[in-house]
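Just below is one structure, and these are the notes that go with it.
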Amino acid sequence: MKHVEKLETLKINGDFRRAYGRGKSLTAPALVTYALRNRAGRCRYGITASKKVGNAVVRNRCRRIIREAFRTLDEPVRGNWDIVFVARGRTSQTKSTDIQRVMKAQLKKLGVIA
RNA sequence: UGAGUUGGCUGGGCAGUCGCGCGUGGCGGUAACGCUAGCGAGGAAAGUCCGGGCUGCACAGGGCAAGGAUAACGGCUAACGGCCGCCGAGGGUGACCUUAGGGAAAGUGCAACAGAAAGAAACCGCCCCGCAAGGGGUAAGGGUGGAAAGGCGAGGUAAGAGCUCACCGGCGCGUGGGGAACCGCGCGGCCCUGCAAACCCUAUCCGCAGCAACAGCGACAGCAAGUGUGCGUGAAAUCGCACAGCGUGCCCUGCGUAAACAAACUUGCAACGGCUGGCAAAGAUGUGCGUAGCAAUGCGUGCACAAGAUAAAUGACGCCUUCAAUGACAGAACCCGGCUUACAGGCCAACUCUCACC
RNA sequence: CGGGACGUGGCGAAGUUUGGUAUCGCGCCUGGUUUGGGACCAGGAUGCCGCAGGUUCGAAUCCUGUCGUCCCGA
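Heads up, the first sequence is in the numbering used here, so the first residue is 598 and it goes up one at a time.
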């Protein structure tokens with residue numbers, strides 16, 4: 598992802614719902630990834646941390662860890678995708694480098710990265 | 001030496017590499033913007049329990065009703081249901097802690113079961129009268145109960161009883177102290193059970209809503225409304241005046257109730273992944289010193305203080321200190337003053353009891 | 001930001017108004033009936049009434065604080 602201009606983030610509830618409903622997904626104890634090809638002409642991503650994960654501090658930490666893992670990803674994205682990352686109970690206790698390893702494997706399997 | 005009480009502080013640091021928010025300063029650029037410096041979560045930012053600022057409701061003045069809140073006394077404060085002091089009550093050997101703590105002779109209600117009786121009472125017992133049945137007196141004793149008609153002792157009596165007396169408790173009056181709650185002393189007579197976090201009464205305070213308030217701007221298409229009577233000017237009333245109507249739960253006073261040249265105009269609603277302001281540096285701010293005060297706090301003076309997002313910024317890697325920080329509780333959302341609740345570890349001060357020694 | 005409701009045996013509810021005994025249905029256990037099971041009959045167990053204080057002689061009920069769940073409005 599390095600040397601690429603800032604990615605747009607998903608904001609509308611409808612975009613998230615479309616990714617959940619029609620996108621492909623993979624699950625791990627610390628991260629769930631949804632991916633769906635879009636027609637927006639660019640790649641977008643969103644991060645979700647539900648109330649079940651913890652209080653506001655814990656939810657913020659999950660979002661930061663996931664965002665840092667995604668930011669420092671080396672491989673470029675092939676094509677235009679909407680990607681949604683969902684934090685789980687283990688996310689807040691995991692290091693961002695470990696999350697990145699899981700994320701890389703999931704994105705590769707989904708065909709987002711080479 | 002050990003145990004404890006109260007109050008306060010802290011809530012890792014370093015800045016090397018990468019990254020984020022703001023847009024205050026500088027540089028470059030016509031501009032968009034780029035580079036760089038700067039600033040960037042808490043003591044509770046939390047819960048949203050009180051009080052204000054601010055904004056709107058025409059909401060100005062007065063009264064009534066309803067509803068809500070508070071409750072010894074004095075003070076502090078912009079205000080408070082907060083804080084300080086003090087009194088009473090309760091707990092602790094003590095430092096100290098706790099305390100919704102007005103009124104039960106204004107009225108209504110409740111007090112299950114037990115008990116004769118739960119408010120002004122006679123079941124047993126005791127005493128008197130009577131052959132007996134029964135009648136009368138009596139709250140000392142028994143028994144029930146959380147609570148039984150002031151407590152206890154002496155006198156007194158047929159037996160008893162504040163019937164009388166001493167002490168204690170309560171009430172009333174007087175008096176001394178205190179700013180007051182209240183405390184002390186003297187005198188008087190002996191009348192009153194508990195529950196108002198039951199209804200209620202008394203005193204004091206409170207208009208309602210909330211930054212998704214509110215103000216402004218805009219694209220595509222839309223919707224609704226512009227009250228009644230009389231008089232005046234005009235060709236025409238949406239102009240002027242009066243009354244009515246409408247505008248807060250009600251009443252009174254006062255106030256408001258858009259817009260002229262005949263096809264527009266005005267107002268309101270609604271609509272959007274809306275946008276901008278409100279809203280980010282300065283005020284009921286914090287702190288040092290002086291001063292008034294027991295204190296809360298006031299006054300004077302010096303110094304310090306740039307988080308400001310809008311799906312929402314503080315992270316990752318590394319190093320150091322550490323028993324441990326990967327691991328206390330926890331993330332600003334208009335802003336302040338409090339309250340309440342959560343909190344690993346560490347530090348400081350004052351005081352109390354105890355042990356030892358002098 | 002504002003408003004409201006609810007936490008009671010394993011599950012679902014009543015009781016809270018007006019304070020004194022916690023009740024009902026399903027489920028569970030034991031026994032009977034049956035060759036056995038179901039159904040049926042008889043009996044039984046199961047509660048810190050979300051938590052912590054307070055008022056009261058006495059609290060599921062009243063008051064205060066607190067935790068959790070759900071709903072509504074702007």
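We put the CB at the ideal spot given by N, CA and C, even for glycine.
Ser647 - containing beta strand (DSSP E), residue span: Neither: Ser647 is in no beta strand (DSSP E) and is coded neither H nor E.
Beta-carbon spacing of Asp679, Ala632 below 9 Å: yes
Rounded distance between the beta-carbons of Ser693 and Ile644, thought under 8 Å: Rounded, the Cβ-Cβ distance is 13 Å, inconsistent with contact.
Selection from Phe613, Thr630, Asn610 that minimises the alpha carbon distance to Lys621: Thr630
Continuous alpha helix (DSSP H) stretch holding Ile663: start and end: 653-668
Euclidean distance between Cα positions of Arg698 and Ser689: 16 Å
Nearest neighbour of Arg634, chosen from Ile696, Asp612, Val654 [CA to CA]: Asp612
Helix, strand or coil at Met598 [DSSP, three-state]: For Met598, the predicted model reports a pLDDT of 33, less than 50, meaning its position is unreliable and no value from the coordinates is stated.
Local conformation of Val629 per DSSP, three classes: strand
6 Å Cβ shell around Ala625 - same chain, five flanking residues per side excluded: Val699
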